[in-house]
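A.B. asks: Protein chains in written order, with our numbering: chain A, 15 to 125; chain B, 48 to 163. First, the structure itself, so that you have it in front of you.
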Amino acid sequence: ILNVEQSPQSLHVQEGDSTNFTCSFPSSNFYALHWYRWETAKSPEALFVMTLNGDEKKKGRISATLNTKEGYSYLYIKGSQPEDSATYLCAPGNYGQNFVFGPGTRLSVLP
Amino acid sequence: GAVVSQHPSWVICKSGTSVKIECRSLDFQATTMFWYRQFPKQSLMLMATSNEGSKATYEQGVEKDKFLINHASLTLSTLTVTSAHPEDSSFYICSARFPGGAYEQYFGPGTRLTVT
């Protein structure tokens, strides 16, 4: 079973600040990694799926990078808005195994 | 598109009774669905993988006789918590794998189960 870590556990930023958080995972036998945003009382929403080392994906003000050799992915939010407040989950997966969710980073954006 | 519903959204039951939770993919067919459980302040823990037309695959430590999974059609999987106990109280959430995608999963909104 993959050991997936996310840091920080929680984060409070002011509206307009940019922020980033980390997902760490074992690098061996890596297949793909998902990022999800989970707002309270809603379904987790898929943000990105990344497979290649050096991959960089972008969706509006949110972007993510992937380093499969060292086993980490960063999620960046530029100019945070209150609607970005949510828990951000990463889920890496190895070949032949299901994706394993990290504990998440809870982001609160203060107006 | 890619909407997954879950019913009920919350349920309270008495100890010893059974509870059924439904997970439906509304606008796509899902041969594979997943059931997760979330303990307080923890992440989503995969309980089992549900495959249409075959037996579910349970993760280590999950009692298959307690958590019955049935994936009878390409749009419906059910999780039945049998002889529920207070320690089964938790948040249960399902997801459906989108066909042909890079293993993308779409999640339902979850079910809060409280066993009294």
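Every residue gets a Cβ at the ideal spot worked out from N, C-alpha and C, and that includes glycine.
1. Give me the DSSP bridge partner(s) of Pro106(A).
2. For Phe140(A), which option in Leu25(A), Gly74(A), Val114(A) and Ser42(A) has the closest C-alpha, if you only look at C-alpha atoms?
3. Using only CA atoms, which one of Lys61(B), Leu93(B) and Asp74(B) lies nearest to Phe113(A)?
4. Please report the distance separating the alpha-carbon of Val18(A) from that of Ser130(B).
5. Taking 9 Å as the threshold (C-beta atoms), are Glu84(A) and Ser10(A) in contact?
6. Whose Cβ in chain A lies nearer than 9 Å to the Cβ of Gln76(B)?
7. For Glu134(B), does the three-state DSSP call read helix, strand or coil?
8. Using a cut-off of 8 Å between C-beta atoms, extract the partners of Leu103(A) located in chain B.
9. For Leu123(B) and Lys71(A), I'd like the C-alpha separation in whole angstroms.
C.D. replies: From the atom records:
1. Leu47(A)
2. Absent from the model: residue 140(A). The displayed extent of chain A is 15 to 125, so no value can be given.
3. Leu93(B)
4. 33 Å
5. Only positions 15 to 125 of chain A appear in this structure, which leaves residue 10(A) out of reach.
6. Neighbours of Gln76(B) on chain A: none; closest Cβ ~18 Å, over 9 Å.
7. helix
8. Ser90 and Leu91
9. 32 Å
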